[in-house]
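Numbering (my numbering), first residue to last: 1 to 283. Heads up: the structure comes next, in structure tokens.
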């Protein structure tokens, strides 16, 4: 996903690339900087998604279970499942973003400023040395604005896609589903959830790239975000959406498939299901 993310970020922060597509933007970067430029920021991207993704998925399982228990009974959990999905994904993402923010700030500097550093460690060290904790967490608020809608789209839409797929199946059919059928349902649900996550979080993602590039006026973060949003306009806030939808669909579907495979390999129990067709909470 790193090459797509590089092109997407450049489209967001470089006025000369603002109207370019994924393909034309990639060609421009390769022509001017060489193919290796498309892997800029691979270190912080890999580490960031590792720690943030692990914390988010584990947190979502934990908080969904907690909110189901707060609901008090199975019928209430099914009735209020949307609120449970929204709450669990939002709280899990908040704590995961505490880990993600410094790595995302480093990644954007590496991608947007050619020659900023040679990699994750040197980039992180330079940012910490020159700007301190304030620089590392300058994008925390826009990351929350970006990642919480992202997590809501990722988990809530995935849950409802699975619910839709299973709604017409009998319990016997669901138990006898083949491996390829389960894979297809998980892949399709993940792709749709990825599209939703990208669309919901795109405006904040654009503002985050601008903030970490150093754009915008001085002042409080809400003021800077408001001014940048006004300057960008509706079209500008959704610059780079196409590449990001492709990237996010692959990322989200891959995460769900990998997460399920790891759980199966470890013999972990399946997560809570509070889909309406079951009329009950299943472990």
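By construction, the Cβ of each residue, glycine as well, lies at the ideal position given by its N, Cα and C atoms.
- Taking 8 Å as the upper bound for CB-CB distance, residue 197 and residue 252 are in contact here, some 6 Å apart.
- CA-CA distance, residue 250 to residue 154, rounds to 12 Å.
- By the Cβ-count criterion, residue 247 is buried, with 16 or more other Cβ atoms from all chains shown falling within 10 Å of its own Cβ.
- With the rule of 3 Cβ pairs closer than 8 Å, the stretch 127-134 does not count as touching the stretch 158-175.
- Straight across, the Cα-Cα distance linking residue 260 with residue 267 is about 10 Å.
- In this structure, DSSP gives residue 217 a state outside helix and strand, which the three-state scheme calls coil.
- Residue 262 counts as exposed, since fewer than 16 other C-beta atoms from the protein chains shown sit within 10 angstroms of its C-beta.
- Within its own chain, the residues whose Cβ lies closer than 7 Å to the Cβ of residue 255, once the five positions on either side in sequence are excluded, are 53, listed in chain order.
- Taken atom to atom, the span from the alpha-carbon of residue 50 to that of residue 223 is near 32 Å.
- Residue 102 counts as buried, since at least 16 other C-beta atoms from the protein chains shown sit within 10 angstroms of its C-beta.
- By the C-beta criterion, the stretch 228-247 is judged to be in contact with the stretch 200-212, since at least 3 inter-stretch pairs fall below 8 Å.
- Taking a cut-off of 8 Å for Cβ pairs, the stretch 85-98 and the stretch 118-127 do not touch, as fewer than three such pairs fall below it.
- Remark: three or more beta-carbon pairs, one from each stretch, lie closer than 8 Å, so the stretch 180-193 and the stretch 158-168 are flagged as touching.
- By the neighbour-count definition (other C-beta atoms within 10 Å, threshold 16), residue 48 is a buried residue.
- Here the alpha carbons of residue 57 and residue 83 stand approximately 18 Å from one another.
- Leaving aside the five residues that flank residue 276 on each side, the residues in its chain whose CB is nearer than 8 Å to its CB run, in chain order, 78, 81, 163 and 167.
- For residue 159, the closest alpha carbon among the candidates 64, 107 and 179 is that of 64.
- The count of Cβ pairs closer than 8 Å, one atom from the stretch 36-48 and one from the stretch 237-247, stays below three, leaving the stretches out of contact.
- By the neighbour-count criterion, in which a residue is buried when 16 or more other Cβ atoms sit within 10 angstroms of its Cβ, residue 70 is exposed.
- Listed in chain order, the alpha helix (DSSP H) elements of length 4 or more contained wholly in the stretch 81-119 are 81-112.
- If you draw a straight line from the Cα of residue 97 to the Cα of residue 30, it is about 31 Å long.
- Per DSSP, reduced to three states, the secondary structure at residue 50 is helical.
- Counting along the chain, the unbroken alpha helix (DSSP H) around residue 264 starts and ends at 241-266.
- For residue 3, the enclosing alpha helix (DSSP H) has its first and last residue at 2-13.
- 8 Å or more divides the Cβ of residue 149 from the Cβ of residue 86.
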